[in-house]
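All letters in the sequence shown, in the order written, are residues -18 to -1, 1 to 205 by mature numbering (1 follows the signal peptide of the UniProt record, and there is no 0).
Quick reminder that beta carbons are idealized off the backbone N, C-alpha and C, glycines included.
This report concerns only the one structure given below.
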Amino acid sequence: MKKGLMIGATLLMGLSLAACGNSKVDNGDGASSSSAVSKNKASSSKEVTNGSPEKVGQWKYFEDFDANGTLEKVNTFNKEVKQGDVTVTIKNVKVYSMKPKNDNAKKIASEYFNASGVNNPYYVVQVNWSAKNAGSEELQTNGLENIVTNKGQQIDTGSGLQDAGTGATVASGASSEFEANGLIKGATAKDINKLTLKFGSICTTSDYTDVSPEVTGIELDLK
């Protein structure tokens, strides 16, 4: 692994489907003298105003994308994959339908995913994972390198896939959490029921020598 593999890391810091803080859903509680306000709150009963959607049907306005994202699928796995001294844990997978507000919002998504264009809505698969380093030295992960869907689409790093874990370092005895987002093409959320993942190798940060090879064929069934 080489130091220059940190594809899109700067972009990922500004554009992410993750949100800080605890989830808070506007359930329309509280009295109001205006029926219009009551209707507005009722229609927004599944809107998440703080944090990320955790239940199917919840939605959030993602400001960086200028788009409303609705959670279509969520599956919790907590699946562990050993890579030498590093334990990768695939925590969960989410599938969002994203509705851009305008053409500029579509352009933002296209540039983020390095795609020729996106539909309205467009669909995103999100993999949330962590890496724990039980070794005695700092290590670097190459992150999630590609995702293959049951529809045959391969989503690669830098071409439809952005992963915050690409080129990230994990200190000895530490654990770091990452988010990877992939653009789904030629399919909708209901079409996606299986993913096959490939994680890149692990290397030292002193001379970038690989200490654990890539791991392929990690299969995840989605409901």
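- Determine, using beta carbons only, whether Leu(-2) and Asn163 come nearer to each other than 8 Å. As a working mapping, residue -2 is identified with position 17 in the sequence shown. As a working mapping, residue 163 is identified with position 181 in the sequence shown. Yes, these two residues count as a Cβ contact at 8 Å.
- In terms of residue numbering, what span does the alpha helix (DSSP H) encompassing Ser92 cover? Reading the sequence shown from its first residue, position 110 is the one you call residue 92. Element bounds for Ser92: Asp85 to Tyr94.
- Query: Which residue or residues does DSSP assign as beta-bridge partners of Ile200?
  - Reply: Looking up residue 200 in the sequence shown gives position 218. DSSP output for Ile200 lists Leu179 as bridge partner(s).
- Query: Sorted by chain position, which residues of the same chain lie with C-beta nearer than 8 Å to Asp192's C-beta, five sequence neighbours on each side aside?
  - Reply: For this step, residue 192 is matched to residue 210 along the sequence shown. Cβ within range, chain order: Met(-18), Ser183, Ile184 and Cys185.
- Query: Is the CB-CB distance between Gln122 and Gly149 below 8 Å?
  - Reply: As a first step, residue 122 must be located in the sequence shown, where it is residue number 140. As a first step, residue 149 must be located in the sequence shown, where it is residue number 167. Result yes, Cβ atoms of Gln122 and Gly149 sit closer than 8 Å.
- Item | Straight-line gap, Ser102 to Lys89 (C-alpha atoms, nearest Å) | What you label residue 102 is simply residue 120 of the sequence shown in a count that begins at 1. What you label residue 89 is simply residue 107 of the sequence shown in a count that begins at 1. At residue 102 the sequence reads Asn, which differs from the Ser that was named. The straight-line gap from Cα to Cα measures roughly 12 Å.
- Simplified DSSP assignment, three categories, for Lys81: The residue labelled residue 81 in the question sits at position 99 within the sequence shown. Correct three-state label for Lys81: strand.
- Of the residues Asn57, Gly140, Val152 and Ala91, which one's Cα is nearest the Cα of Lys176? Position 194 of the sequence shown, counting from 1, holds the residue named residue 176. Checked all of Asn57, Gly140, Val152 and Ala91; the closest Cα to Lys176 is Asn57.
- Out of curiosity, what's the CA-to-CA distance linking Phe44 and Ile200? Here residue 44 corresponds to residue number 62 of the sequence shown, with the count starting at 1. Here residue 200 corresponds to residue number 218 of the sequence shown, with the count starting at 1. Cα to Cα, Phe44 sits roughly 30 Å from Ile200.
- Message: Beta-carbon within less than 8 Å of Ala156's beta-carbon, same chain only, minus the 5 sequence neighbours each way: which residues are those?
- Response: Stepping through the sequence shown from its first residue, residue 156 is reached at position 174. Answer for Ala156: Lys114 and Asn115, listed in chain order.
- Message: Rounding to the nearest angstrom, what Cα-Cα distance links Pro195 and Asn124 in this structure?
- Response: Against the sequence shown, residue 195 aligns to sequence position 213. Against the sequence shown, residue 124 aligns to sequence position 142. Cα-Cα distance, rounded: 10 Å.
- Query: Where does Lys172 fall in DSSP's three states?
  - Reply: Against the sequence shown, residue 172 aligns to sequence position 190. In the structure shown, Lys172 sits in a helix (DSSP, three-state: H, G or I).
- Task: Give the secondary structure of Asn115 by DSSP, where H, G and I count as helix, E and B as strand, and everything else as coil.
- Result: Position 133 of the sequence shown, counting from 1, holds the residue named residue 115. In this structure, Asn115 counts as strand in the three-state DSSP scheme.
- Can you tell me which of Ala171, Asp203 and Thr178 puts its alpha carbon nearest to the alpha carbon of Gly39? Taking the sequence shown and counting its residues from 1, one reaches residue 39 at position 57. For the residues Ala171, Asp203 and Thr178, the minimum Cα distance to Gly39 belongs to Ala171.
- Message: Going by the DSSP bridge assignment, what does Ser141 pair with across the sheet?
- Response: Reading the sequence shown from its first residue, position 159 is the one you call residue 141. According to DSSP, which records beta bridges pairwise, Ser141 is partnered with Asp138.
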